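Comments concern the structure below.
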Amino acid sequence: MPPMSELPIHAALPELLSALSRHNNVVLQAPPGAGKTTVVPLALLDSDWLGERKIIMLEPRRLAARSAAARMAELLGEPVGETVGYQIRAERKSSKHTRILVVTEGILTRLLQSDPELASTALVIFDEFHERSLQGDLSLALCLQSQDYLRDDLKLLVMSATLETEAVAGLLGDAPVVTSEGRSFPVHIHYLPHQQVPDDQRQLPALMARKIVEMMDSESGSLLAFLPGVGEIKRLEELLRATLISRDDIDIAPLYGDLSKQQQDAAIAPSPAGRRKIVLATKLDQAIDSSGIRTLRLRRRRKKPQPSS
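Oh and the sequence shown: position 169 is 204 in the working numbering, straight run, nothing missing.
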């Protein structure tokens with residue numbers, strides 16, 4: 036990962052800071068990799084309008100919330116729970132000193148229900164807003180209602196990688212739109228020949244295991260494999276552990292929502308020098324910093340076209 040000062044979002048910060056100083060609602064469009072999740076909240080900490088109040092940032096998934104809080108705390112040289120904390124289902128790490136609180140959708144909804152004014156909050160950030168959900172939309176509606184009836188000084192920042200900005204800006208009262216450039220990397224897509232794809236879906240983990248081993252033998256770095264669900268991950272993990280039993284330089288790390296915090300952290304942590312990693316994941320959030328991943332393998336189920344009668 037490049038130094039934080041080299042991330043594309045830094046070029047958009049002056050415009051964003053100016054927009055938030057003059058408007059209550061702002062839309063930020065920034066592609067994946069721009070740095071918006073970790074750079075923007077920290078850049079806003081010294082804003083005059085923030086005062087002694089805090090920033091709440093909404094993340095769509097628990098893993099993303101923990102990862103974002105951990106990364107920001109690391110940049111500040113502090114443990115999580117000091118300036119930056121998080122709250123997810125059945126887990127909270129924050130203190131009286133916390134000024135940036137990263138939460139998941141259900142938590143924000145409950146905060147708004149118990150304190151519709153969000154009296155101690157100056158700004159609510161909706162990160163990854165393109166991943167629309169019922170709870171996320173409800174939280175935005177409740178925040179807008181709070182602005183209308185209780186808190187005309189409450190600020191809202193909607194951040195998204197891919198979004199129809201005009202529609203969202205209109206929903207937010209013709210809010211200004213700030214755009215950031217992103218970083219692009221070459222992506223090479225290779226499809227298996229049709230005859231290599233088994234008709235029986237149950238054979239796909241075995242096929243993926245063979246292809247992953249081939250890629251680990253021919254490529255450097257670590258590998259990230261996407262699978263449809265936890266069942267496929269467990270089966271593929273079992274096959275890979277049996278196949279790579281003699282490879283003590285390769286770690287196999289599953290990554291999905293029901294794992295413990297320690298297991299999830301281990302999956303996304305960079306591999307130590309001299310070691311490589313195979314991460315077996317379901318849907319991975321764009322806000323997660325998966326440093327050290329060199330090769331990406333995405334597998335999706337596809338229906339075969341049926342012959343016409």
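Think of the CB as a built atom: it goes at the ideal place given N, C-alpha and C, for glycine as much as any other residue.
These numbers come from a predicted model, not from an experiment.
Buried or exposed by the 16-neighbour rule on C-beta atoms within 10 Å, applied to residue i
i    : result
G171 : buried
G70  : buried
I280 : exposed
V222 : exposed
L110 : exposed
I160 : buried
A202 : exposed
A322 : With a pLDDT of only 48 at A322, under the threshold of 50, the placement of this residue in the model should not be trusted, and no figure is reported.
R106 : buried
E94  : buried
L207 : buried
L158 : buried
A47  : buried
Beta-carbon proximity check, residue i vs residue j, cutoff 7 Å
i    : j    : result
V61  : L192 : yes
S155 : R88  : yes
V248 : T278 : yes
T72  : D162 : yes
L177 : L147 : yes
L262 : I268 : yes
K246 : N59  : no
Selected residue, minimal CA-CA separation from residue i, among the options
i    : options                : result
A78  : R276, L98, T139, S56   : S56
R186 : E152, S53, A54, I313   : E152
L227 : V212, I135, M243       : M243
H132 : I123, H165, L80        : L80
G68  : M250, D235, E216       : E216
L98  : P305, R311, G292       : G292
V212 : Q64, H225, E94         : Q64
I91  : L274, T139, Q297, A47  : T139
H45  : P76, W84, H58          : P76
T118 : A103, K246, L274       : A103
A125 : V115, G141, R134       : G141
D284 : G256, A304, A301, I303 : G256
V137 : R96, E254, M250, S306  : R96
C-alpha distance - residue i paired with residue j, whole-angstrom precision
i    : j    : result
I287 : D209 : 48 Å
L51  : A196 : 16 Å
R276 : P289 : 12 Å
T214 : A308 : 37 Å
V265 : A100 : 21 Å
V74  : E166 : 20 Å
K296 : G112 : 21 Å
L271 : P240 : 5 Å
T317 : D252 : 24 Å
R310 : Q299 : 18 Å
L42  : Q230 : 43 Å
R145 : I123 : 11 Å
Continuous beta strand (DSSP E) assignments of at least 3 residues falling wholly in the segment 136-189 = 156-161
Within the segment 52-130, note down every full alpha helix (DSSP H) run reaching 4 residues or more, in order along the chain.
-> Entirely contained in the segment 52-130, the alpha helix (DSSP H) runs reaching 4 residues are, in chain order, 71-78, 97-111.
Counting only runs that start and end within the segment 233-313, where is the alpha helix (DSSP H) found for 4 or more residues in a row?
-> 239-253, 265-278, 296-303
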